[in-house]
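Right, one structure below, let's go through it.
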Amino acid sequence: GWLFWRVMACGRRSGDSKRRVILFILCVCVCQSGAETLRYSLPEEMERDSFVANIAKDLGVPLSQLAVRKARVVSEGNEQLFRLNQNTGVLTAKESLDREEICPQSDTCTLVFKIFFENPLQLIRGEVEVRDVNDNSPVFPEKEMVLEILETTPPGSRFLLESAQDKDVGINGLQNYSLGPNPHFSLALGTGKDGVKYVELVLQRQLDREEQGELNLLLTAIDGGSPPRSGTAQVRIVVVDANDNIPVFEREVYEVRLAENSPLEQLVVRVAAADPDEGSNGEVRYALTQTSERSRQLFQLNPATGEIRVAGNLDFEEAKTHKMVVKATDGEALSAHCKVEVEVLDVNDNAPEIALTSLTASIPEDAPPRTVVALFSVRDRDSGDNGRTECSIDGDLPFSLTPTFDNYYELRTSAALDRERTAEYNITITAMDWGKTRLSSRESIFVQISDVNDNPPEFTQGVYTMSVTENNSPMLRIGSMNATDADAGKNARVNYAVVRQEGKEQPEVSVNAENGDVYILRPLDYEKVRAFEVTVR
């Protein structure tokens, strides 16, 4: 926790300049950084304002403290997904959550939020897992797939089919395929190294174009939900006359590394498949298959040359890899496949972002060193050194930055403050990344220093000498005294009073409490009193 010291001084100046000091110590315990994370789960597609958790109960915080300490919830990212009711302590989802929209590329969907308290400052980290429900059916990219298969193709040959896509995950995702009854084909299911299920058509009995030139099969994709959902596609088999050679790729897998700032039309890779047949049977054409729509938008394949070029703006922060399957088909419809895997390399194209979470706009000048003034976070969407950041304060100011966790920083005082010397500070925070071409951003924080009564009044003179002619008029003004105070407001308002001493005759003068004017109370007799002294506070 942090320890705050508050010092208050009460001074009384007299002839011997005595001063009394009273010291108050206030210890405030603030939640340690790295405290245990609150974890909850919620099914997707729940209605808006659905209950997530009772934050006040889970944290053991009285409901009355939520409003007093200005408790609030902040989600990571630009969209605020949750709402905290300060009257009930209940955390709810602001809108219906669609897991497939929030986490489209992830099997698990965890939303991170933070609960902020003030007076004292406290930060609690929380996570909500959005659980998948079976709300999507498997869908094939095309309702009909056409395969041209040579009639001399031997039994046991396999033909890769377009896989169905299911936006759900886990058991609710795609689980199985089935094929309608037919005398020639069966299905073989497999799982690639990347965990994606694929399906192949296996020839069980040799085809005869003269007997049957075309077959229509019904392919069904089934997920594992309860009840299960399914999608179908027609597989049309066109039986072609004999062609005894199929295209053969130079490599089964083409691996390419490409910077995310690669210009349009830049060559990515050239795939090549050879077919020793002559004429149209040896002419190879290329096409993409088993490739996502996004990859098709970013890359363009030349069907004649096999060249793949950049067709869109790559973004490492959006997708780090792109996988494509290229199909090579000769003039007689025999085909082969290869894989193209493009690794996108990060470029330092994002400057750090500073987000101010909490700010104390005014602090007293007697605030002890290490008093927390502001809390902010720094985020850089790049990776590696390009996403690594550091923060600094411009100029020689009595403030410092302290890292906490999750890229959060605290702005603290680093030395004693004095309003009489500097009444306000304009603090500029610079966040800079560690990329080769370093990018930075700045945020200005304005902090005012409030006055405390830490300066006693001071007279412009130590001794004031005044004269009066005897037999003067009563209440005659004979001069004025002046004292100033370096503090501000009511702390600088000065009052004057004559110090009356016990056991002694009352002084012959009075002082105006507001302006310090000195008056003789009654007529004086030179033969009785030629001079006297009066002490004024």
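Positions -35 to -1, 1 to 502 (mature numbering (1 follows the signal peptide of the UniProt record, and there is no 0)) are the ones given, in order, by the sequence shown.
Glycine included, each C-beta is placed from N, C-alpha and C at the ideal position.
Helix, strand or coil: how does DSSP classify K292 here?
One-based indexing of the sequence shown puts residue 292 at position 327. DSSP places K292 in strand when its eight states are reduced to three.
I need the DSSP call for D350, collapsed to helix, strand or coil.
Within the sequence shown, numbered from 1, the residue matching residue 350 stands at position 385. D350: helix per DSSP, three-state reduction.
For the beta strand (DSSP E) that K59 lies in, which residues bound it at each end?
Here residue 59 refers to the residue found at position 94 of the sequence shown. In the DSSP annotation of this structure, K59 is not part of any beta strand (DSSP E), being labelled neither H nor E.
I need the DSSP call for E113, collapsed to helix, strand or coil.
Indexing the sequence shown from 1 puts residue 113 at position 148. Note: E113 maps to strand in three-state DSSP.
Rounded to a whole number of angstroms, what is the C-alpha to C-alpha distance between L486 and A453?
What you label residue 486 is simply residue 521 of the sequence shown in a count that begins at 1. What you label residue 453 is simply residue 488 of the sequence shown in a count that begins at 1. Those two C-alpha atoms are separated by around 34 Å.
Run the CB neighbour count on F251, radius 10 Å, all protein chains shown included, and call it buried at 16 or more, exposed below.
Looking up residue 251 in the sequence shown gives position 286. Inspection of the sequence shows that residue 251 is occupied by Tyr rather than by Phe. Burial call: buried.
For M397, which beta-bridge partners are listed by DSSP?
On the sequence shown, position 432 is the one that residue 397 refers to. Its beta-bridge partners are E355, S405.
Out of Y374, L382, L229, point me to the one whose CA is closest to residue 537's CA.
Nothing can be reported for residue 537, as the shown portion of the chain is limited to -35 through 502.
If you draw a straight line from the C-alpha of L376 to the C-alpha of S323, how long is it?
Numbered from 1 along the sequence shown, position 411 holds the residue referred to as residue 376. Numbered from 1 along the sequence shown, position 358 holds the residue referred to as residue 323. In this structure, the CA atom of L376 is about 10 Å from the CA atom of S323.
Count the other CB atoms within 10 Å of the CB of T156; is the residue buried (16 or more) or exposed (fewer)?
The residue given as residue 156 occupies position 191 in the sequence shown. The residue is exposed, with fewer than 16 neighbouring Cβ atoms inside 10 Å.
Sort out for me which residues DSSP pairs G196 with in a bridge.
In the sequence shown, counting from the first residue as 1, residue 196 sits at position 231. Beta-bridge analysis with DSSP links G196 to A186.
Cβ-based neighbour list, T286, same chain, cut-off 6 Å, excluding 5 preceding and 5 following:
Against the sequence shown, residue 286 aligns to sequence position 321. Excluding its 5 nearest sequence neighbours in each direction, T286 has C-beta neighbours in its own chain below 6 Å: E308, listed in chain order.
If you measure between the beta carbons of L184 and M289, is that distance less than 9 Å?
Position 219 of the sequence shown holds residue 184. Position 324 of the sequence shown holds residue 289. Between L184 and M289, the gap from beta carbon to beta carbon reaches 9 Å or more.
Burial state of F(-12), where buried means 16 or more other Cβ atoms lie within 10 Å:
As a first step, residue -12 is located in the sequence shown; it is residue number 24 there, counting from the start. For F(-12), the predicted model reports a pLDDT of 31, less than 50, meaning its position is unreliable; a value from the coordinates is still stated below. Exposed: under 16 other Cβ atoms inside 10 Å.
Shorter than 8 Å, the distance from the beta carbon of G277 to the closest heavy atom of the ligand ZN, or not?
The ligand ZN is not among the ligands present in this structure, which contains no ligands whatsoever.
Alpha carbon to alpha carbon, what distance is there between S6 and R96?
One-based indexing of the sequence shown puts residue 96 at position 131. One-based indexing of the sequence shown puts residue 6 at position 41. Counting only the Cα atoms, S6 lies some 7 Å from R96.
Same chain, Cβ closer than 8 Å to S409, neighbours up to 5 away in sequence not counted
Numbered from 1 along the sequence shown, position 444 holds the residue referred to as residue 409. Short of 8 Å from the beta carbon of S409, and not among the five residues preceding or following it, lie these beta carbons of its own chain, in chain order: N391, I392, T393, I394.
Use the C-beta contact count for K(-18): other C-beta atoms within 10 angstroms, 16 or more gives buried, fewer gives exposed.
Taking the first residue of the sequence shown as 1, we reach residue -18 at position 18. Confidence at K(-18) is low in this model, with a pLDDT of 36, below 50, so its placement is unreliable and the value that follows should be read with caution. By the neighbour-count rule (16 or more Cβ atoms within 10 Å), K(-18) is not buried but exposed.
Within its chain, find whatever has a CB closer than 8 Å to the CB of A462; leave out the 5 residues flanking it on each side and keep chain order.
Residue 462 sits at position 497 when you count from the first residue of the sequence shown. Excluding positions up to five away in sequence, the list reads V476, A478, V501, R502.
Should R222 go down as buried or exposed, given a rule of 16 or more other Cβ atoms within 10 Å for buried?
In the sequence shown, residue 222 corresponds to position 257, counting from 1. Exposed, since its Cβ has fewer than 16 Cβ neighbours within 10 Å.
Alpha carbons only, please: which of P488, D398, M431 is nearest the one belonging to S438?
Taking the first residue of the sequence shown as position 1, residue 438 is located at position 473. Of the listed residues, the one whose Cα sits closest to S438 is P488.
If D280 and N313 are in contact, beta carbons under 8 Å, what's the gap, nearest whole angstrom?
Sequence index remark: in the sequence shown, residue 280 carries index 315 (1-based). Sequence index remark: in the sequence shown, residue 313 carries index 348 (1-based). Going by Cβ atoms, the distance from D280 to N313 rounds to 13 Å, so no, they are not a contact pair.
Coil, strand or helix - L125 by DSSP
Within the sequence shown, residue 125 is the residue found at index 160, counting from 1. Under the three-state reduction of DSSP output, L125 falls in the strand class.
Pull up the CB-CB distance for E9 and L62, whole angstroms please, since I reckon it's below 8 Å.
The count along the sequence shown starts at 1 and reaches residue 9 at position 44. The count along the sequence shown starts at 1 and reaches residue 62 at position 97. Contact between E9 and L62 is confirmed by a C-beta separation of about 5 Å, below the 8 Å threshold.
For D295, count neighbouring Cβ atoms within 10 angstroms of its own Cβ and tell me buried if that reaches 16, exposed if not.
Locating residue 295 in the sequence shown gives position 330, where the first residue counts as 1. A buried status is given to D295, since no fewer than 16 other beta-carbon atoms sit within 10 Å of its beta-carbon.
Tell me which residue opens and which closes the beta strand (DSSP E) that L76 is part of.
Position 111 of the sequence shown, counted from the start, is the residue given in the question as residue 76. Here the beta strand (DSSP E) through L76 covers 75 to 82.
Using 9 Å as the threshold, is the C-beta distance between E306 and L115 below it?
Along the sequence shown, read from residue 1 onward, the residue named residue 306 stands at position 341. Along the sequence shown, read from residue 1 onward, the residue named residue 115 stands at position 150. At least 9 Å separates the beta-carbon of E306 from that of L115.
Quick check: what's the CA-CA separation for V483 versus R495?
For the purposes of this step, residue 483 is identified with residue 518 of the sequence shown, where counting begins at 1. For the purposes of this step, residue 495 is identified with residue 530 of the sequence shown, where counting begins at 1. Each residue's CA atom was taken as its position, placing V483 and R495 some 18 Å apart.
Alpha carbon to alpha carbon, how far is E389 from A326? Give it in angstroms, no decimals.
What you label residue 326 is simply residue 361 of the sequence shown in a count that begins at 1. What you label residue 389 is simply residue 424 of the sequence shown in a count that begins at 1. For the pair A326 and E389, the Cα-to-Cα distance works out to about 10 Å.
Taking I328 as part of the beta strand (DSSP E), name the residues at either end of that continuous run.
Here residue 328 refers to the residue found at position 363 when the sequence shown is read from its first residue. Where I328 is concerned, the enclosing beta strand (DSSP E) stretches over 327 to 329.
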